[in-house]
Amino acid sequence: DFDGGRPTGRFSNGRVPVDFFSEYYGLKKTVPAYLDPNYNITDFATGVNFASAGTGYDNTTSAVLNVIPLWKEVDYYKEYQERLRSYLGVQKANEIISESVYLVSMGTNDFLENYYLLPTTRLCYTVQAFEDHLIGLAKQFVGEIYNLGARKISLAGIPPMGCLPLERTINLGAISECNEEYNNVAVEFNVKINNLINQLNKELPGIQVVFSNPYNILHQMIKRPTIFGMDVTSKACCGTGLVEMSYLCVLDSSFSCSNADKYVFWDSFHPTEKTNEVMAQHLFKSVLYKFL
Ligand SMILES: *[C@@H]1O[C@H](CO)[C@@H](O)[C@H](O)[C@H]1NC(C)=O
Ligand SMILES: *[C@@H]1O[C@H](CO)[C@@H](O)[C@H](O)[C@H]1NC(C)=O
Numbered sequence: 018d019f020d021g022g023r024p025t026g027r028f029s030n031g032r033v034p035v036d037f038f039s040e041y042y043g044l045k046k047t048v049p050a051y052l053d054p055n056y057n058i059t060d061f062a063t064g065v066n067f068a069s070a071g072t073g074y075d076n077t078t079s080a081v082l083n084v085i086p087l088w089k090e091v092d093y094y095k096e097y098q099e100r101l102r103s104y105l106g107v108q109k110a111n112e113i114i115s116e117s118v119y120l121v122s123m124g125t126n127d128f129l130e131n132y133y134l135l136p137t138t139r140l141c142y143t144v145q146a147f148e149d150h151l152i153g154l155a156k157q158f159v160g161e162i163y164n165l166g167a168r169k170i171s172l173a174g175i176p177p178m179g180c181l182p183l184e185r186t187i188n189l190g191a192i193s194e195c196n197e198e199y200n201n202v203a204v205e206f207n208v209k210i211n212n213l214i215n216q217l218n219k220e221l222p223g224i225q226v227v228f229s230n231p232y233n234i235l236h237q238m239i240k241r242p243t244i245f246g247m248d249v250t251s252k253a254c255c256g257t258g259l260v261e262m263s264y265l266c267v268l269d270s271s272f273s274c275s276n277a278d279k280y281v282f283w284d285s286f287h288p289t290e291k292t293n294e295v296m297a298q299h300l301f302k303s304v305l306y307k308f309l
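Heads up: the sequence shown begins at 18 in this note's numbering, then just goes up one per residue.
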């Protein structure tokens with residue numbers, strides 16, 4: 018439904034939350050991926066995306082689906098800073114680096130593609146110990162980008178991950194119901210992220226970290242979709258809606274729904290553009306406007 022059907026790396030039928038945030042800040046309507054060969058530093062100077070779907074705070078998470086680990090994203094970001102300085106000069110580039118908003122959203126894959134999938138991880142950590150381990154990595158990550166000049170940072174909470182269609186499909190306790198254990202872990206983890214944010218704001222001079230928590234708004238959309246003009250929450254639009262993700266959505270498109278705007282989820286793990294827009298509007302109005 019987006020950009021003439023050209024694949025852009027977004028795990029959705031259209032724009033993802035950062036695209037909407039960029040627009041709300043008065044910048045461009047889509048944020049290009051750093052590795053997309055169709056763009057260069059001229060485009061990246063007003064916003065750039067280093068995200069990799071399927072990655073997480075923990076190195077083990079990115080290894081599961083062989084995607085870009087967080088440390089590598091930081092490497093690309095360092096390379097970007099150098100390119101920005103040679104393009105705009107040191108002074109202007111440094112101004113952009115310190116005035117930019119850094120939108121950080123991770124964690125769901127650390128639980129669902131790592132902790133709950135790999136017995137080796139569960140042998141090492143109780144779920145609370147794993148949450149603390151991720152919080153330690155998040156703290157280290159923010160420290161790294163702070164040392165590189167980042168000051169305005171949004172750390173996202175994690176969504177009600179027990180209600181993702183894939184997790185409903187494989188919920189052996191109650192098939193097609195939300196996995197409440199996973200939702201409880203999300204709530205517990207979000208409290209810890211919020212505590213970390215308070216700590217970072219005290220410890221690092223000049224930093225401004227805010228908490229963008231999508232949990233409640235997404236939970237509301239899943240429980241009462243009609244309020245948002247939507248119908249379907251337990252199944253995704255693409256394919257059968259039960260398990261397909263990513264490229265599988267292209268392969269069996271004959272099953273896909275005709276109007277994705279009626280669905281909360283595009284694939285069994287990721288929201289539709291419509292859902293992304295509702296979440297982005299809510300988070301911008303309640304939190305991210307502070308960086309205007
Ligand atoms: C980036 O690409 C645009 C359009 O393709 C071109 O005009 C511009 O010179 C390029 N900028 C750099 C710094 O390479
Ligand atoms: C993750 O892997 C990178 C590259 O091997 C390494 O530098 C880094 O220390 C690892 N992080 C942790 C927390 O082990």
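Ideal Cβ positions, reconstructed from N, Cα and C, are used throughout, including at glycine.
For clarity, every value in this text was computed on a predicted model and none was experimentally measured.
_Contact check, residue 97 vs residue 65, beta carbons under 8 angstroms_ = Residue 97 places its beta carbon less than 8 angstroms from that of residue 65.
_Could you tell me the alpha carbon to alpha carbon distance between residue 40 and residue 141, rounded to whole angstroms?_
Distance between the alpha carbons of residue 40 and residue 141 is about 43 angstroms.
*Using a Cβ-Cβ cut-off of 7 angstroms (strictly less than) and excluding sequence neighbours within five positions of residue 122, which residues of its own chain qualify?*
Same-chain partners within the cutoff: 173.
*For residue 146, count neighbouring Cβ atoms within 10 angstroms of its own Cβ and tell me buried if that reaches 16, exposed if not.*
Taking every protein chain shown into account, the CB of residue 146 has fewer than 16 other CB atoms within 10 angstroms, so this residue is exposed.
*When the Cα of residue 166 is compared with those of 153, 182, 112, which residue comes out closest?*
Answer by Cα proximity: 112.
_Classify residue 14: buried if its beta carbon has 16 or more other beta carbons within 10 angstroms, exposed otherwise._
Nothing in the structure corresponds to residue 14, since the chain is present only between 18 and 309.
_residue 171 (DSSP reduced to helix, strand or coil)_ = Here residue 171 sits in strand by DSSP.
*Under a Cβ-count criterion, where at least 16 other Cβ atoms within 10 Å of its own Cβ denotes burial, should residue 181 be classed as buried or exposed?*
The residue in question, residue 181, is buried, as its Cβ has 16 or more Cβ neighbours within 10 Å.
*Do residue 235 and residue 226 have their C-beta atoms closer together than 8 angstroms?*
Not closer than 8 angstroms, so no.
*So is the beta-carbon of residue 76 under 7 angstroms away from any non-hydrogen atom of ligand 2?*
Residue 76 Cβ: within cutoff of ligand 2.
_Does the beta-carbon of residue 154, which I'm using as the reference point, lie nearer than 7 angstroms to any heavy atom of ligand 2?_
Because some heavy atom of ligand 2 lies under 7 angstroms away, the Cβ of residue 154 counts as near it: yes.
_In the DSSP output, what is residue 49 paired with across the bridge?_
Residue 49 is not bridged to any residue.
*Have a look at the DSSP bridge pairing and note the partners of residue 312.*
No information on residue 312 is available, as it lies outside the stretch 18 to 309 that the chain covers here.
*Validate contact between the region 50 to 67 and the region 83 to 98 using beta carbons, cut 8 angstroms, 3 pairs*: They touch, by the three-pair rule.
*Grab the span of the beta strand (DSSP E) containing residue 229 for me, first residue to last.*
Unbroken beta strand (DSSP E) run through residue 229: 225 to 229.
*asked:* Helix, strand or coil for residue 286? Go by DSSP, reduced to three states.
replied: Three-state DSSP puts residue 286 in coil, outside helix and strand.
_Shorter than 7 angstroms, the distance from the beta carbon of residue 113 to the closest heavy atom of ligand 1, or not?_
No, since every heavy atom of ligand 1 falls outside the 7 angstroms radius drawn around the Cβ of residue 113.
*Any heavy atom of ligand 2 closer than 7 angstroms to the Cβ of residue 283?*
Answer for residue 283: no, Cβ out of range of ligand 2.
_Across the region 289 to 297 and the region 27 to 39, are there enough close Cβ pairs to call them in contact, namely three or more that are closer than 8 angstroms?_
Segments in contact, yes.
*Would you say residue 203 and residue 222 are within 8 angstroms of each other, going by their C-beta atoms?*
Taking 8 angstroms as the Cβ cut-off, residue 203 and residue 222 do not qualify as a contacting pair.
*Just the Cα atoms here: how many angstroms apart are residue 117 and residue 189?*
When rounded, the distance between both Cα atoms is 44 angstroms.
*asked:* Mapping the DSSP letters down to three states, classify residue 131 as helix, strand or coil.
replied: In the structure shown, residue 131 sits in a helix (DSSP, three-state: H, G or I).
*Consider the C-beta atom of residue 214 and the heavy atoms of ligand 1; say whether any pair is separated by less than 7 angstroms.*
No, since every heavy atom of ligand 1 falls outside the 7 angstroms radius drawn around the Cβ of residue 214.
*Secondary structure at residue 260, three-state DSSP: helix, strand or coil?*
The answer is coil: DSSP assigns residue 260 none of H, G, I, E or B.
*Sort 247, 61, 124, 83 by Cα distance to residue 207 and report the nearest one.*
Nearest option by C-alpha distance: 124.
*Can you find a heavy atom of ligand 1 that lies under 7 angstroms from the Cβ of residue 331?*
As shown, the chain starts at 18 and ends at 309. That puts residue 331 outside it, with no answer to give.
*Which first and last residues belong to the alpha helix (DSSP H) in which residue 152 is found?*
Element bounds for residue 152: 144 to 164.
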